[in-house]
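In terms of UniProt numbering, the sequence shown is numbered consecutively and its last residue is 59.
Even glycine gets a Cβ: it sits at the ideal position worked out from N, Cα and C.
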Amino acid sequence: MARRKTTEKNIRKITKMGGGKSFGITLPIEVVRKLGWRERQKVVVELKGRKLIVKDWRR
Numbered sequence: 001m002a003r004r005k006t007t008e009k010n011i012r013k014i015t016k017m018g019g020g021k022s023f024g025i026t027l028p029i030e031v032v033r034k035l036g037w038r039e040r041q042k043v044v045v046e047l048k049g050r051k052l053i054v055k056d057w058r059r
């Protein structure tokens, strides 16, 4: 697979997961590292207008 151009590195595709009952996207590794997130970490997903907000889950 060819590498993305630097102007397109934050463009992602939505994919079906789990038999079509949910969807997923990949996150750029640079963003995940900057936020200090780990694999299997819980996050909160909120819909604000036409924007999707993903943030760290806190008790």
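| Limits of the unbroken beta strand (DSSP E) element including I53 | Run containing I53: K51 to D56, per the beta strand (DSSP E) assignment.
| What are the boundary residues of the alpha helix (DSSP H) that includes K34? | Start and end: I29 to L35.
| request: From the DSSP output, read off the bridge partner residues of E46. | output: E46 is bridged to I53.
| field | Own chain, CB closer than 8 Å to Q41, minus 5 neighbours either side, in chain order | value | D56 and W57.
| Alpha-carbon to alpha-carbon, I14 and V32 | Cα-Cα distance, rounded: 18 Å.
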